[in-house]
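The working numbering applies: residue 10 is where the first sequence begins, and numbers increase by one. A short worksheet on the structure shown next.
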Amino acid sequence: MRLSRYFMPTLKEDPKEAQIASHRLMLRAGMIQQSSAGIYSWLPLGQKVLKNIENIVRDEQNKAGALEILMPTIQPAELWRESNRYDDYGKEMLRITDRHDREMLYGPTNEEQVTDIFRSNVRSYKDLPLNLYHIQWKFRDEVRPRFGVMRGREFLMKDAYSFDLDYEGAKIAYNRMFVAYLKTYARLGLQAIPLRADTGPIGGDLSHEFIILADTGESEVFYHKDVLNLQTPEDRDYSPEELQGIVDTWTSLYAAADEMHDPDNCPISGDELVTRRGIEVGHIFHFGQKYSAAMGANVTGPDGKDVTVSMGSYGIGVSRLVGGIIEACHDENGIVWPEEVAPFQVGLINLKSGDEACDAACEDLYAKLNAAEVEVLYDDTSDRAGAKFANMDLIGLPWQFSVGPRGVKNGVVEVKNRKTGEKEELSPEAALAKLIG
RNA sequence: CGGGGCAUAGCACAGCCUGGUAGUGCGCUCGCUUUGGGAGCGAGAGGUCGCAAGUUCGAAUCUUGCUGCCCCGACCA
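Laid out in structure tokens, this is it:
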């Protein structure tokens with residue numbers, strides 16, 4: 010992509026409404042534009058990152074055996090009356106009346122919708138286990154939206170729903186998602202920590218939230234220092250026993266959010282305990298028969314008798330992750346994207362557009378990167394070198410290739426790693442080899 | 001939902017107290033000089049001062065109402 014043909018309205022100064030790093034940087038990098046409180050348009054750069062995250066999440070869900078569907082954003086109030094949540098949900102639910110005076114709502118989540126799909130179509134235990142997920146926009150009419158896309162009203166979320174015959178089956182489904190989440194966050198370049206979460210009135214021990222560490226996190230977290238050294242599961246299928254082993258390993262070390270942490274009764278010693286702030290980026294939850302019982306989601310069991318299925322739900326805040334990743338990955342100059350989610354792998358900087366030798370060297374590199382299918386953003390504009398450097402640092406592409414008259418004369422390109430800041434002068438071939446192959 | 005604040009050019013702000021021709025910086029356009037870490041000079045474009053009433057000869061400025069946005073807290077993926 011040539012920057013001269015791209016739409017990336019960057020800002021030199023900080024917008025006053027943005028208080029935290031991710032919000033400020035997303036606005037400055039031209040990733041998003043606010044439409045109203047907690048509602049954003051995604052501009053090309055932001056959209057690209059959002060899609061990259063979404064695709065990684067999707068890939069890991071598919072690998073875990075979940076099946077992708079797409080449920081509507083607008084749902085009928087009738088379904089929510091069945092679970093009694095229409096009245097319970099309160100003002101956070103955006104209610105809409107259509108032209109026929111029918112009560113509708115913009116879905117804040119999809120348990121009712123997916124349970125309806127299940128009960129309409131699944132009759133036999135032979136069709137279980139089943140896990141359906143979708144990646145769809147949700148709306149929660151937060152009293153006070155803030156922190157940009159981290160706490161918006163409209164947000165993109167992956168939510169999966171598992172259906173099993175009994176608790177034992179549901180537990181396997183839960184563990185499978187648990188492991189899929191560990192793999193997902195690792196691929197996103199994040200160090201995620203599962204915390205035992207409050208299961209509320211339903212009880213049970215099957216609820217975890219996944220948080221990533223960032224100084225601007227909304228809640229305080231307490232964990233055993235060794236949690237950060239645990240091994241991420243391999244990219245392969247695991248048996249139910251292996252899944253349980255991985256979950257046991259990850260949950261045996263202490264980790265809790267502030268509402269679950271009791272300093273007076275902490276099971277580990279002070280020098281093992283680390284306290285930091287975290288951002289919740291996922292939540293998995295076994296809720297048993299709460300919706301299946303209320304809505305009549307039954308299957309015929311092996312013995313010919315009806316069984317109310319056991320369910321769980323598994324959410325990942327996809328749009329929130331964009332902000333979350335920036336909170337975890339930035340410095341004073343801007344964003345520092347992990348390679349897997351970066352909108353482009355490399356920024357190609359022409360330090361003197363219009364100079365014949367520079368232009369030719371850049372065009373050659375640009376063509377070769379494109380041919381090798383390396384995503385490249387080529388700054389071919391007539392801005393000054395300093396402005397180009399600052400902009401590239403701001404948008405945080407993992408690599409920068411700088412081509413100027415001086416380098417061209419010596420047959421070298423300056424290669425900079427955005428994360429480490431290391432620069433080296435390489436021949437164009439050696440620079441290409443760093444990214445290709 | 002309690003408390004506080006803000007609304008003037010694309011962005012950040014001054015002007016308001018004490019009513020009288022709408023300003024500064026950045027950005028944008030054109031020209032010249034520049035060109036390796038957000039250039040200099042010159043010339044331009046761009047605003048019914050959030051909306052609506054009111055007071056006044058006259059309102060960005062004073063009064064009232066409304067709307068929007070932000071911050072702290074409670075709440076929350």
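Glycine included, C-beta positions come from ideal geometry on N, C-alpha and C.
(1) Report all residues from its chain with a CB closer than 8 Å to the CB of residue 188; omit the five preceding and five following residues, and keep chain order.
(2) Identify whether residue 266 lies in helix, strand or coil by the three-state DSSP scheme.
(3) List the whole-angstrom C-beta distance separating residue 422 from residue 410, where the pair is believed to meet the contact cut-off of C-beta under 8 Å.
(4) Given a cut-off of 8 Å, decide if residue 202 and residue 232 are closer than it, judged by their beta-carbon atoms.
(5) Does the contact criterion of 3 or more C-beta pairs under 8 Å hold for the segment 329 to 340 versus the segment 391 to 401?
(6) From residue 177 to residue 327, what distance separates their C-alpha atoms?
(7) Look up residue 429 in the DSSP assignment and give the residues it is bridged to.
(8) Relative to the alpha-carbon of residue 224, which residue among 106, 173, 289 has its alpha-carbon at the smallest distance?
(9) Does DSSP classify residue 308 as helix, strand or coil?
(10) How about residue 106 and residue 168: do their beta carbons lie closer than 8 Å?
(11) Can you tell me which residues form a DSSP beta bridge with residue 105?
(12) Could you work out which residue in 48, 31, 132, 91 is closest to residue 317 when comparing CA atoms only?
(13) Which term fits residue 124, buried or exposed, when burial requires 16 or more other beta carbons within 10 angstroms of its beta carbon?
(14) Mind pulling the alpha helix (DSSP H) runs of 4 or more residues that sit fully within the segment 320 to 388?
(15) Where do the ends of the beta strand (DSSP E) carrying residue 167 lie?
(16) Hey, quick one: how far does the alpha helix (DSSP H) through residue 56 stretch, first residue to last?
(17) For residue 323 and residue 186, I'd like the C-alpha separation in whole angstroms.
(18) Between which two residues does the beta strand (DSSP E) containing residue 85 stretch?
(19) Would you call the CB atoms of residue 444 and residue 354 closer than 8 Å?
(20) Quick one, which of 148, 146, 127, 116 has its alpha-carbon nearest residue 140's?
(21) Below 7 Å, is the gap between the Cβ of residue 339 and the nearest heavy atom of the ligand HEM?
(22) Decide yes or no for the touch test of the segment 299 to 309 against the segment 365 to 381: beta carbon pairs closer than 8 Å, at least 3 of them.
(23) If you count every other CB in all the chains shown that lies within 10 Å of the CB of residue 152, and 16 or more means buried, which is it?
(24) Taking the C-alpha atoms as reference points, what is the distance between residue 179 and residue 170?
(25) Measuring straight from C-alpha to C-alpha, what distance separates residue 348 and residue 58?
(26) Terminal residues of the continuous beta strand (DSSP E) containing residue 187?
(27) By alpha-carbon positions, which one of 62, 278, 111 ends up nearest to residue 190?
(28) Buried or exposed, going by whether 16 or more other CB atoms sit within 10 Å of the CB of residue 272?
(29) May I ask you to report which of helix, strand or coil DSSP gives residue 411?
(30) Suppose the cutoff is 8 Å on Cβ atoms and the five residues either side in sequence are ignored; what does the same chain contact list for residue 158 look like?
(31) Hey, how far is the Cα of residue 240 from the Cα of residue 148?
(32) Rounded to whole angstroms, what's the CA-CA distance from residue 60 to residue 69? Just pull it up for me.
(33) Report yes if the CB atom of residue 89 is closer than 8 Å to the CB atom of residue 121, and no otherwise.
(34) Taking the CB atoms as reference points, tell me whether residue 230 and residue 285 lie closer together than 8 Å.
(35) Taking all protein chains shown into account, decide if residue 46 is buried (16 or more other Cβ within 10 angstroms of its Cβ) or exposed.
(36) Pull up the distance between the alpha-carbon of residue 377 and that of residue 441, whole angstroms please.
The answer reads as follows:
(1) As a first step, residue 188 is located in the first sequence; it is residue number 179 there, counting from the start. If we look at residue 188 and ignore the five residues flanking it on each side, its Cβ neighbours are 73, 242, 247, 252, 255, 256.
(2) Taking the first sequence and counting its residues from 1, the one referred to as residue 266 is at position 257. If DSSP states are grouped into helix, strand and coil, residue 266 belongs with the strands.
(3) Sequence index remark: in the first sequence, residue 422 carries index 413 (1-based). Sequence index remark: in the first sequence, residue 410 carries index 401 (1-based). That belief holds up - the Cβ atoms of residue 422 and residue 410 are roughly 5 Å apart, short of 8 Å.
(4) Looking up residue 232 in the first sequence gives position 223. Looking up residue 202 in the first sequence gives position 193. Contact: yes.
(5) no
(6) If you number the first sequence from 1, residue 177 lands on position 168. If you number the first sequence from 1, residue 327 lands on position 318. If I take the Cα positions, the gap works out to 29 Å.
(7) Counting from 1 along the first sequence, the entry for residue 429 is found at position 420. Answer is none; residue 429 lacks a bridge partner.
(8) Position 215 of the first sequence, counted from the start, is the residue given in the question as residue 224. Ranking the options by Cα distance to residue 224, first place goes to 289.
(9) Within the first sequence, the letter at position 299 stands for residue 308. Residue 308: strand per DSSP, three-state reduction.
(10) In the first sequence, residue 106 corresponds to position 97, counting from 1. In the first sequence, residue 168 corresponds to position 159, counting from 1. No. Outside cutoff.
(11) On the first sequence, residue 105 is found 96 positions in, with the first residue counted as 1. Residue 105 pairs with 113.
(12) Taking the first residue of the first sequence as position 1, residue 317 is located at position 308. The shortest C-alpha separation from residue 317 is found at 132.
(13) Taking the first sequence and counting its residues from 1, the one referred to as residue 124 is at position 115. The residue is buried, with at least 16 neighbouring Cβ atoms inside 10 Å.
(14) 327 to 337, 365 to 380
(15) Here residue 167 corresponds to residue number 158 of the first sequence, with the count starting at 1. Residues 163 to 173.
(16) Position 47 of the first sequence, counted from the first residue, corresponds to residue 56. Segment 53 to 72, the alpha helix (DSSP H) holding residue 56.
(17) Numbered from 1 along the first sequence, position 314 holds the residue referred to as residue 323. Numbered from 1 along the first sequence, position 177 holds the residue referred to as residue 186. Between residue 323 and residue 186, the C-alpha separation is close to 7 Å.
(18) Your numbering for residue 85 matches position 76 in the first sequence. Residue 85 -> beta strand (DSSP E) spans 83 to 85.
(19) Counting from 1 along the first sequence, the entry for residue 444 is found at position 435. Counting from 1 along the first sequence, the entry for residue 354 is found at position 345. The answer is yes: Cβ separation under 8 Å.
(20) Within the first sequence, the letter at position 131 stands for residue 140. Of the listed residues, the one whose Cα sits closest to residue 140 is 127.
(21) Annotation note on the ligand HEM: not contained in the displayed structure, which lists no ligands.
(22) no
(23) Translated into positions along the first sequence, residue 152 becomes position 143. That one is exposed.
(24) In the first sequence, residue 179 corresponds to position 170, counting from 1. In the first sequence, residue 170 corresponds to position 161, counting from 1. Each residue's alpha carbon lies about 10 Å from the other.
(25) Walking along the first sequence from the start, residue 348 turns up at place 339. Walking along the first sequence from the start, residue 58 turns up at place 49. When rounded, the distance between both Cα atoms is 11 Å.
(26) Position 178 of the first sequence, counted from the start, is the residue given in the question as residue 187. Taken as a continuous stretch (DSSP letters only), residue 187 belongs to no beta strand (DSSP E), being part of the alpha helix (DSSP H) at 176 to 196.
(27) Looking up residue 190 in the first sequence gives position 181. Per the Cα distances, 62.
(28) For the purposes of this step, residue 272 is taken as the residue at position 263 of the first sequence. That one is exposed.
(29) Numbered from its first residue, the first sequence carries residue 411 at position 402. Strand at residue 411.
(30) Taking the first residue of the first sequence as position 1, residue 158 is located at position 149. Excluding positions up to five away in sequence, the list reads 31, 32, 35, 41, 49, 164, 328, 329, 331, 332.
(31) Translated into positions along the first sequence, residue 240 becomes position 231. Translated into positions along the first sequence, residue 148 becomes position 139. Taking the straight line from one Cα to the other gives about 35 Å.
(32) For the purposes of this step, residue 60 is taken as residue 51 along the first sequence, with counting starting at 1. For the purposes of this step, residue 69 is taken as residue 60 along the first sequence, with counting starting at 1. Each residue's Cα considered, the two are about 14 Å apart.
(33) Position 80 of the first sequence, counting from 1, holds the residue named residue 89. Position 112 of the first sequence, counting from 1, holds the residue named residue 121. Cβ atoms of residue 89 and residue 121: closer than 8 Å.
(34) Position 221 of the first sequence, counted from the first residue, corresponds to residue 230. Position 276 of the first sequence, counted from the first residue, corresponds to residue 285. Cβ distance < 8 Å, so residue 230 and residue 285 count as in contact.
(35) Counting from 1 along the first sequence, the entry for residue 46 is found at position 37. Its Cβ having fewer than 16 others within 10 Å, residue 46 is exposed.
(36) For this step, residue 377 is matched to residue 368 along the first sequence. For this step, residue 441 is matched to residue 432 along the first sequence. The alpha-carbon atoms of residue 377 and residue 441 are separated by roughly 8 Å.
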